[in-house]
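Notes for the one structure printed next.
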Amino acid sequence: MNPNFPTNTEHGTSPIQFRRDQIKAGFLLPDGSQTTKSLEVRFDPLLGTSSRIAEGVVLSKADESALAVLQAPNSSCPFCPDRIRQVTPKLLEPIHTDGRLERGESVLFPNLVPYCQYAAVAVLSRKHWLALHEFTPERLFDSFSVALDYVSRVHRFDPRAQHCAYNMNYLYPSGGSLPHPHAQMYLDPYPTTMMRLQGEASLAYWNARGRSYWDDLAKAEEERGQRFVVKTGPVTWITAFAPIGFNEVQAVVSGRETLLDLTGDDLRALSAGISRVLQWYESIGYNSFNLALYSGPLNDSRGWRVHLSMITRTAMLPYYRSDAMHLERLHWEAAVDRLPEELATNLRGYFYTLPNAKERRI
Ligand SMILES: [Zn+2]
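0 is the number of the first residue of the sequence shown in numbering that gives the first Met the number 0; add one for each residue after it.
Printed below as a string of structure tokens:
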């Protein structure tokens, strides 16, 4: 970044720098009068990548009537209970002799499309359709459980497969090809670009300061408060300072470097929090989302903490404007509509006031 770029930083003693700049865009309206619109550019404290929060960016909200076709039973869905064991592939025998890992409603098996060497799908529910409030903590917990079992088995089978993440695409705008709820496991000898960049930057931070960037981020956000949402056990929930997408919520699991370090209590805290965030997404008019739970490399995870990012995508509609335009796809630059601090205020209230009726104990 140009060192002369006039950025502001939030005050604080933390080495984490929250750099932001306000820009005014001026132009003439059709009637000849001059107007200005505001724009904020923010820089990710770890990577230095920039994001824009721009007045006037609008995403369409959900329309229930557009979901009828997807909600109806689908006799050709490969993930429904009457077909899943006939049509989905099986794991190699050295990984698991039964071919599929199961717990509760979750069933994990290899992905027919190998986006990575050990790509796997973890179907989340017996139900073909789930509204976001039906992504319950117990469903998420069972899904995490089979996913972590899978990571452990594959890593024993092939120690080169050390880069892993638990991911979700929900509904077509998110890139998901089947509406039946499922998670996607990434497990490969190579990290994704994001995992590599985060790994390099957080290792450099670790080497320079002897502390984890992610621990410092969670602490700094809790001290500042503007984007801090809640702490559930070892998990700190925040909104992203420089979002990579709409309504981005992040979580940091303190003291855990890889997915294989996560305890049952960690998974319960993550499951309960994700369920809350999804209910909030539903309440603000969205039904399509992406999620990634990033792990440090299983063979050397110095400086890492397991962390999570979730974003909403354009709601599922017959004709919609994608939330990813030239900026997101070709410039790696997000443009979103709402200030992260405003999102945190909204979500914080949701965490504290939502009745527990939809959450049973895991
Ligand atoms: Zn189905």
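Quick reminder that beta carbons are idealized off the backbone N, C-alpha and C, glycines included. Keep in mind the model is a prediction, meaning the values are calculated, not measured.
Close CB contacts of G175 within its chain, under the 7 Å cut and outside five residues either way in sequence, are with N168, Y169 (chain order).
Environment of ligand 1, chain-ordered: C76, F78, C79, H127, H179, taking every residue with Cβ within less than 5 Å of a heavy atom.
When Cβ pairs closer than 8 Å are counted between the two stretches, the segment 291-302 is seen not to touch the segment 216-236, the count staying below three. Listed in chain order, the non-local C-beta contacts of K36 below 6 Å within the same chain comprise A24, E54, local neighbours out to five positions each way being set aside. In this structure, T235 sits near E220, with a CB-CB distance shorter than 8 Å. For Y293, the uninterrupted beta strand (DSSP E) run begins and ends at 288-293, by DSSP. Straight-line measurement puts the Cα of A323 at about 9 Å from the Cα of T313.
S300 is not a Cβ neighbour of T238, given a cutoff of 8 Å. When DSSP states are grouped into helix, strand and coil, M194 belongs to the helix group.
As DSSP reads the structure, E101 sits in a beta bridge with V106. In the three-state reduction of the DSSP assignment, W331 falls in the coil class, being assigned neither a helical nor a strand state. If you draw a straight line from the Cα of G47 to the Cα of D264, it comes to about 33 Å. Judged by DSSP in its simplified three-state form, K218 adopts helix. In the structure shown, the three-state DSSP call for F140 is helix. Of the residues assessed, A160 falls on the buried side of the cut-off, its CB having 16 or more other CB atoms within 10 angstroms. R125 and P80 do touch by the CB rule: their CB atoms are close to 5 Å apart, below 8 Å.
Taking C-beta separations shorter than 7 Å and ignoring five residues to either side along the sequence, the partners of H95 in its chain run R152, following chain order. Of the residues I15, L129, H306, V56, the one whose Cα lies closest to the Cα of D336 is V56. Taking the CA atoms as reference points, G224 sits about 14 Å from I15. Residue nearest to F42 within the set G272, I243, L277 is I243 (criterion: CA-CA distance).
Counting every other CB atom within 10 Å of its CB across the protein chains shown gives P72 a total below 16, marking it as exposed.
Rounded to the nearest angstrom, the gap between the Cα atoms of Y280 and L342 is 11 Å. L277 places its beta carbon less than 8 Å from that of F134. Taken atom to atom, the span from the alpha-carbon of A130 to that of N286 is near 8 Å. Here Q225 carries a coil assignment [DSSP, helix/strand/coil]. Relative to A164, the option among Y149, Y185, L139 whose CA is nearest is Y185.
A straight line joining the alpha-carbon of S59 with that of A65 spans about 12 Å. Assigned with DSSP and collapsed to three states, Y169 falls in strand. Sequence-distant Cβ neighbours of D215 in its own chain, meaning closer than 7 Å and more than five residues away, are S13, P14, I15. For Y114, no beta strand (DSSP E) encloses it, and the DSSP letter there is neither H nor E. The C-beta distance from R18 to E332 rounds to 15 Å, too long to fall under 8 Å, and the pair is not in contact.
C-alpha of N110 to C-alpha of F140: approximately 21 Å in a straight line.
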